[in-house]
Each structure stands twice: as C-alpha cells, then as structure tokens.
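A.B. asks: First the structure, which I've put down as structure tokens, then a few questions once you've had a look.
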Amino acid sequence: MRHSFFLILTAFSALIVLFILLPIAVTISTQFYNPGFAQAMRDRAVWNSILLTYYAALLSTLTAIIFGTPLAYILSRYSFPGRSIVEGIADIPVVIPHTAAGISLLAVFGSNGLIGSFSPVKFVDALPGIVVAMLFVSVPIYLNAAREGFGSVDVRFEQVARTLGASQWRVFFTISLPLAARHIAAGALMAWARAISEFGAIVVIAYYPMVAPTLIYERYISTGLSAAGPVTAILILLSLVVFVAIRILLWGKNVSRSER
Amino acid sequence: MFLEVNAEKNLENFRLEVNFSMGRGYCVILGPTGAGKSLLLEIIAGIVKPDKGRVSMDGKDITDLPPEKRGIGFVPQDCALFPHMNVRKNIAYGLRHEKGHEKDKKVKEIAEKLGILHLLDRKPATLSGGEMQRVALARALVIKPKLILLDEPLSAVDLGTKKKLINELKYVRSEFGIPIAHVTHDILEAAMLAEEMAVVMNGRIVKSGRAEDVLCYEFCDGSLFKKFSEIMEQWK
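Going down the list, the sequences are from chains A and B.
Position 159, counted from 1, in the first sequence is what my numbering calls 159; the numbers after and before it change by one each time, with no gaps.
Offset between the second sequence (1-based) and my numbering: plus 260.
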C-alpha cells in the first residue's frame with residue numbers, strides 16, 4: 001500500500017518534470033546538428049536582441065526593486081484601510097492576458113496615451129516601452145517575494161534596534177533589508193527571468209527594437225521553425241546558464257548561513 | 261518616582277489599564293502569563309503607544325517620544341539578537357556615534373564585565389540560552405540607558421544557568437546602578453532580585469510597593485500562593 005503510494009507519486013512527479021524538460025531538451029539537442037545554429041551564433045541581430053532583452057529586463061528589475069521594496073515593506077508591516085485593495089491591485093498583472101496588458105500600457109504610454117502624449121520620453125517602439133511592459137508583468141513576482149521576505153523578519157529585531165537608538169531608516173537598512181535579502185534577491189531573479197520571457201505585452205507596445213522573444217516570433221512567422229529554432233536554443237541556453245549561476249550563488253549563501 | 265505609567269491600551273481580547281510607578285531600584289513586575297506584563301514593558305519602551313494616558317521618566321513626559329529617543333534598554337524574552345551579526349556587532353549596534361577604536365573598547369569592556377569576551381566573534385545561533393541573555397544584556401547596557409527593561413529574562417534557561425544569571429543580574433544592578441524593570445511570572449526569581457515589586461493581574465496592577473511588603477501580601481493570599489507553588493517546585 002505504502003509502496004504504491006510513493007510509486008504513483010513518483011510517476012506523476014516524473015511526468016511533470018519530463019513535460020518541462022522535454023521541449024527544452026529537444027530544442028537544444030536538435031540544434032547541435034543544425035548548420036543554422038552556427039549561423040545564428042554569428043548573427044548580430046540575434047545577439048543585439050538578446051543583449052537588449054537582458055538589458056531591458058535588468059532596468060525593469062531595478063525599477064521593481066526601487067519602487068517595489070517600499071510597498072512590499074508597507075504591506076508586510078502595517079495594516080491600513082484599503083490594504084487588501086492595494087494587495088489586489090499589485091496582483092492584477094498576473095491575471096491579465098499579456099496582450100491585453102500591452103494594449104492597456106499603450107493607452108497610457110502610447111503616443112496619444114495619458115502619459116505618452118506629453119512625456120518627453122518615447123515609449124512606443126523604444127526601450128522605455130519594453131521596460132514598462134516587462135515591469136508590468138514582472139513586478140507582482142518581485143512584490144510577493146519581497147513581502148514574504150519582510151514578513152519572515154521578526155518584528156522584535158526591529159523594535160529592539162529602535163530601543164538601541166536606531167532611526168526607522170537605519171533599522172530598515174541594517175536589520176529588515178539584510179534579513180530579507182535572500183527573499184528579495186530570489187524575487188528579483190524571478191522577476192528578471194519573467195521579464196526576459198515576456199512577449200505578449202512587449203509586442204504590442206514595442207515591436208521594434210526587437211527583443212529576443214519577438215525576434216524568435218518574427219523568424220518563425222517569416223521563415224519557419226528552421227530559422228526560429230537556433231535563436232530559441234541560444235536564448236534558452238543563455239537563460240539557463242544565468243539562471244543556474246544565480247541560483248547556485250543564492251543557494252551557496254543559504255548553506256553557509258545555516259552552517260554557522 | 262523615577263518612572264510613572266498611567267496608561268490604557270485596548271487590544272482585541274485584552275485591556276490593560278495600569279497605574280504603575282517605580283523608583284531607581286530593581287523593580288520586578290510579577291504576574292501570571294497573559295496578565296499584561298510584557299505589554300506594560302512595551303509601552304514603557306515606546307514600542308506600543310497607549311490609547312490613553314501618560315508615561316513619564318525622571319519627571320519628563322515621554323509618551324510621544326519614539327523608542328530611539330527614550331534611552332531605555334530593552335531585552336525581550338527571546339533576546340532578539342540580530343542573527344546576521346556576530347556578538348561584537350550586536351553589542352556595538354547602539355554605538356553608532358562612537359569611532360572605531362572607542363567603540364571596540366566599549367564593547368570589550370562590557371563583554372569582560374559580563375564574562376562574554378570569548379564569544380565576540382560567534383554568531384547568535386551558536387550561543388546557549390544563558391550566553392544569549394548575557395549578550396542581549398550587554399547590548400542594552402553598552403548604550404548607558406536610563407532604564408533597563410527585562411522581559412522574562414530567565415524563562416528559557418535551565419535551573420543552573422538561572423541561578424548564575426540571578427547573581428549576574430544582582431551584579432549588573434550594583435555595578436551599573438541603572439534602574440531595572442524585570443518582568444517575570446516566577447515568584448522566587450522576584451523574591452531573590454526585587455527591591456520594588458508590582459503584581460499584575462488581568463491587565464491591572466493589584467499591588468505594588470517595597471518588595472518585602474508585596475511578597476508578604478502575595479504569600480498571605482491563598483489563591484496566588486497556589487499559582488506560584490508550581491513554579492517553586494522546580495527550585496526544590
């Protein structure tokens with residue numbers, strides 16, 4: 001009885017893991033014999049789009065950290081009227097279809113939009129447009145992780161720090177933030193990864209300059225799978241390398257902490 | 261009186277209404293769990309703001325002062341040592357205006373007095389309950405506070421350590437001369453340390469004054485004696 005329980009559990013788990021791994025493995029492995037892969041590796045347009053994607057995702061994540069951290073702290077520490085409404089608003093981007101998010105962003109940041117009409121910064125078909133689209137879809141991930149991080153910090157530490165003469169600012173930067181740092185770093189990493197993978201919202205507000213997901217789509221539509229495959233493989237490989245590297249970094253920190 | 265608290269605080273299922281005062285001695289605030297002792301300490305420390313009333317120390321109204329401006333050292337029950345800092349940094353946390361050398365000197369001085377010099381480079385997670393209490397005490401004392409608040413400082417240590425720490429608290433009292441408000445549910449702990457005492461029950465001070473007078477009152481009252489006899493068992 002116990003045996004069958006674990007057997008079924010393992011079988012189902014293995015299926016899900018395979019389901020995630022298989023498309024990635026097939027995409028990458030088929031490229032090793034594809035002459036188009038080497039060609040794509042030398043293609044400037046591919047590298048430009050990848051660099052642009054990573055750069056825009058970095059800007060979007062930094063913006064999420066700067067503006068999202070205070071909100072995450074407020075939500076984890078204070079109760080105020082309308083708090084659950086604010087929490088709900090922060091989660092809205094998760095449930096909106098991303099093309100719809102792109103249209104909504106266009107209504108605000110488009111050339112005739114609420115902000116875009118007078119803003120000296122151009123959003124449509126420009127880097128700022130990519131960044132706002134990435135930010136819109138990834139900020140809930142960061143907010144939730146950071147809020148959880150601050151929530152895991154015992155309020156007693158902050159209270160004691162204040163009785164030791166520390167101002168609220170000093171307590172925030174020397175106690176709350178360092179103790180929530182792992183959650184914040186993990187949240188930033190996930191938000192960054194989410195930003196890199198965004199296509200739907202970006203394609204509406206900024207088809208050009210092309211981020212990597214748009215380039216893959218464009219190659220697939222214009223030339224087919226043979227042209228899209230190599231670019232896809234490069235993007236997946238790069239994303240995996242960066243993702244695994246940062247995971248190891250964060251994990252290493254965790255291990256050394258628990259060893260002390 | 262050195263410290264006077266006339267405060268009212270309403271929580272969801274609890275109401276604290278106290279009229280508490282203490283001199284410059286060692287005052288033990290005694291009462292069963294859930295009586296409101298810790299809440300009273302938090303009001304004194306400025307961590308919790310009373311709904312009504314006034315807190316004054318040394319004749320000055322400190323009701324609206326934030327915790328960092330009160331000059332009151334607070335040692336909570338679980339010590340709340342900052343887990344990401346070693347003992348040295350924990351103790352030095354309140355000395356932000358001191359320069360490197362001066363800061364180090366003060367940390368070593370207080371650590372030596374409390375017998376924790378050998379722990380300075382250790383992380384809180386590696387300390388025993390008694391060691392944690394000493395470090396938390398050192399961290400609160402090093403800023404030279406006007407008053408020290410101890411919330412059940414001996415509740416999480418074994419009997420042997422408890423006896424040692426009681427002697428150390430007596431030493432701290434005589435060496436530093438800082439008034440101490442010590443919250444406990446342990447009448448023997450209170451009897452061994454208190455110069456003044458206040459008994460808290462259901463959010464009210466039911467008796468306060470010189471320790472000898474209050475203790476006599478406690479032991480004469482049969483119902484209270486029963487509650488505390490359990491605790492006394494552990495000292496046999």
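The C-beta atom is built at its ideal place from N, Cα and C for all residues, glycine as well.
#1: Would L179 of chain A pass as an interface residue toward chain B - the criterion being a Cβ-Cβ separation below 8 angstroms?
#2: Using a Cβ-Cβ distance cut-off of 8 angstroms, determine whether G187 of chain A contacts chain B.
#3: Is it buried or exposed for L7 of chain A, if we count other Cβ within 10 angstroms and need 16 for buried?
#4: For T163 of chain A and chain B, any beta-carbon pair shorter than 8 angstroms?
#5: Whose C-beta lies closer than 6 angstroms to the C-beta of R399 of chain B among residues of the same chain, with five residues either side of it excluded?
#6: Identify whether Y286 of chain B lies in helix, strand or coil by the three-state DSSP scheme.
#7: Please specify which runs of the beta strand (DSSP E), each continuous and at least 3 residues long, are wholly inside the stretch 370-438 of chain B, giving them in chain order.
#8: I408 of chain B: which of B:V474, B:R275, B:I289 and B:V278 sits nearest, CA to CA?
#9: Please identify the residue among B:H442, B:A451, B:G354 and B:Q393 whose C-alpha is closest to the C-alpha of V474 of chain B.
#10: Verify the CB distance criterion: does E391 of chain B have a CB-CB separation below 8 angstroms to chain A?
#11: Within 10 Å of its beta-carbon, does L179 of chain A have 16 or more other beta-carbons around it, so buried, or fewer, so exposed?
#12: By the three-class DSSP mapping on this structure, what secondary structure does N255 of chain B have?
#13: Just curious, the beta strand (DSSP E) that F334 of chain B is in, first and last residue?
#14: According to DSSP, is T30 of chain A part of a helix, a strand, or is it coil?
#15: Let me know the secondary structure DSSP gives L263 of chain B once reduced to three states.
#16: From which residue to which residue does the beta strand (DSSP E) around A441 of chain B run?
#17: Under 7 angstroms between beta-carbons, which chain B residues line up against A166 of chain A? List them in chain order, please.
#18: Under the assumption that I332 of chain B contacts A305 of chain B (Cβ atoms under 8 angstroms), give the Cβ distance between them as a whole number of angstroms.
#19: If you run the structure through DSSP and keep just helix, strand and coil, what is F280 of chain B?
#20: Would you tell me roughly how many angstroms separate the C-alpha atoms of E268 of chain B and S76 of chain A, rounded to the nearest one?
#21: Does the separation of the CB atoms of E412 of chain B and Q337 of chain B fall below 8 angstroms?
#22: Per DSSP, which residues does I465 of chain B bridge with? Please list them.
#23: In chain A, which residues lie less than 7 angstroms from I403 of chain B when you measure between Cβ atoms?
#24: Is it right to say S298 of chain B is buried, meaning 16 or more other beta carbons lie within 10 angstroms of its own, or is it exposed?
#25: Name the two residues that bound the continuous alpha helix (DSSP H) containing K349 of chain B.
#26: CB-CB under 6 angstroms to R257 of chain A, same chain, minus the five flanking residues each way: which ones, in chain order?
#27: Are at least three pairs of beta-carbons, each pair with one atom in the stretch 179-194 of chain A and one in the stretch 211-228 of chain A, less than 8 angstroms apart?
#28: On the DSSP letters alone, give me the boundaries of the beta strand (DSSP E) that R44 of chain A sits inside.
#29: Taking the CB atoms as reference points, tell me whether I234 of chain A and V46 of chain A lie closer together than 8 angstroms.
#30: Listing by chain order, which chain B residues have their CB less than 7 angstroms from the CB of R156 of chain A?
#31: Taking only runs of the alpha helix (DSSP H) that begin and end inside the stretch 75-141 of chain A, which ones reach a length of at least 4 residues, in chain order?
#32: Among B:H445, B:I438 and B:E449, whose alpha-carbon lies nearest the alpha-carbon of K424 of chain B?
#33: With a threshold of 7 angstroms on Cβ separation, who are the neighbours of P327 of chain B within its own chain once the five nearest residues in sequence on each side are excluded?
#34: DSSP state of G313 of chain B, grouped into three classes?
#35: Got a sec, what are the start and stop residues for the alpha helix (DSSP H) K297 of chain B sits in?
#36: Out of B:H445, B:N279 and B:K383, point me to the one whose CA is closest to E310 of chain B's CA.
C.D. replies: Based on what the coordinates show:
#1: yes
#2: no
#3: exposed
#4: yes
#5: N350 and I351
#6: strand
#7: 407-411
#8: B:I289
#9: B:A451
#10: no
#11: buried
#12: Residue 255 of chain B lies beyond the stretch modelled for chain B, which goes from 261 to 496, so this question has no answer here.
#13: I332 to V335
#14: helix
#15: strand
#16: I440 to T444
#17: E328
#18: 5 angstroms
#19: strand
#20: 27 angstroms
#21: yes
#22: B:V460
#23: L164 and G165
#24: buried
#25: V347 to A352
#26: Residue confidence is low: R257 of chain A scores 40 on pLDDT, short of 50, so the model does not pin down where it sits. Its coordinate-derived value is still stated next. Nothing listed; no residue qualifies.
#27: no
#28: Premise fails: R44 of chain A lies in the alpha helix (DSSP H), R44 to R77, not in any beta strand (DSSP E).
#29: yes
#30: P336, D338 and A340
#31: 83-95 and 98-109
#32: B:E449
#33: A305, G306 and I307
#34: strand
#35: K297 to A305
#36: Checking the displayed sequence, the identity of residue 310 of chain B turns out to be Pro instead of Glu. The shortest Cα separation from P310 of chain B among B:H445, B:N279 and B:K383 belongs to B:N279.
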